[in-house]
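Engineer:
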Amino acid sequence: MEKYILDVQHAKEKYKDQISIYLGIEQDVLGKRFEKNDPFDYIIGSVHFVNVADQYLAVDMDKNTTEKIVEFCGDFLTYAKVYYEEVKKIAAMDEVDIVGHVDLLTKFNEDESFIRFDNLDYLALAKECIDELIKANKIFEVNTGAIARGYRKSPYPHKTLLEYIHQKGGKILLNSDCHNRFKLDCNYKESLELIKECGFQSMMAFDGKKFVEKDLDEFGY
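Positions 47 to 267 (our numbering) are the ones given, in order, by the sequence shown.
1. Go ahead and label N268 buried or exposed: buried means 16 or more other beta carbons lie within 10 angstroms of its beta carbon, across all protein chains shown.
2. Do M250 and L219 have their C-beta atoms within less than 9 Å of each other?
3. Whole-angstrom Cβ separation of H147 and E187, contact assumed at under 8 Å?
4. Give me the DSSP bridge partner(s) of S248.
5. Quick check on the DSSP output: the alpha helix (DSSP H) that includes F122 runs from which residue to which?
6. Are the Cβ atoms of D164 and T206 separated by less than 9 Å?
7. Less than 9 Å between the beta carbons of I67 and F80, yes or no?
8. Can you tell me the Cα-Cα spacing of H56 and F252, whole angstroms?
9. If contacts are defined as beta-carbon pairs under 8 Å, then L230 and F246 qualify, I think. What distance do you get, rounded to the angstrom?
Okay, here's the thing in structure tokens:
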């Protein structure tokens with residue numbers, strides 16, 4: 047952790063005349079919690095594990111693990127309830143600015159083999175969670191990471207949920223979460239069009255001190 051912080055701070059100073067570099071961190075609900083006075087410019091809150099059958103299994107590991115979780119839970123809806131209850135906890139984390147990949151549990155559901163994205167019972171669980179996060183003034187990440195890795199053709203959250211976030215007055219930003227410097231802007235142009243289709247006219251951006259709302263036309267992807 048210390049090396050990461052020092053490396054980013056070094057790059058921030060070295061390239062300050064060329065590009066703005068900020069220090070962020072992703073905080074898992076089950077992991078270490080950071081404080082507001084930590085050196086991070088922003089904190090992303092997310093869920094990568096669920097506790098089923100007295101063991102923690104990774105939500106985004108692979109399709110076989112997802113099948114195992116569903117088997118332990120009995121069905122995908124029960125799994126979704128467990129998952130979204132964990133995501134709801136981010137609402138109470140004052141240090142968290144951004145909700146990461148809110149519907150990560152659908153990573154291996156591109157073919158809807160686990161559940162249809164328009165399943166009303168599933169959507170009710172997801173929307174209830176989103177409502178809590180909006181009340182807590184969290185920013186939702188439109189995340190293209192699964193596209194960069196070849197698992198999905200569209201970003202998180204699914205279009206149906208992204209439309210709901212807009213309807214409820216939620217705030218969003220765009221992030222690749224690509225873990226690969228060559229894909230930092232993966233699918234940004236297409237995702238920006240999707241964001242517009244969902245009704246958004248603006249999204250959030252970090253200005254060096256705080257997150258500010260900017261017109262979508264200001265993002266030149």
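Positions of the beta carbon are idealized from the N, C-alpha and C atoms, including for glycine. Keep in mind the model is a prediction, meaning the values are calculated, not measured.
Structural biologist: In this structure, then:
1. This structure gives no information on residue 268, because the portion of the chain shown stretches from 47 to 267.
2. In contact: M250 and L219 (Cβ atoms closer than 9 Å).
3. With 8 Å as the limit, H147 and E187 qualify as a contact, their Cβ atoms being about 6 Å apart.
4. Answer is D261.
5. Following the DSSP letters along the chain, one finds F122 inside the alpha helix (DSSP H) bounded by residues 122-134.
6. Taking 9 Å as the cut-off, the beta carbon of D164 is found closer than this to the beta carbon of T206.
7. Here I67 is not near F80, since their CB atoms are 9 Å or more apart.
8. Using only the alpha carbons, I get a separation of about 19 Å.
9. So it is not a contact: roughly 22 Å between Cβ atoms.
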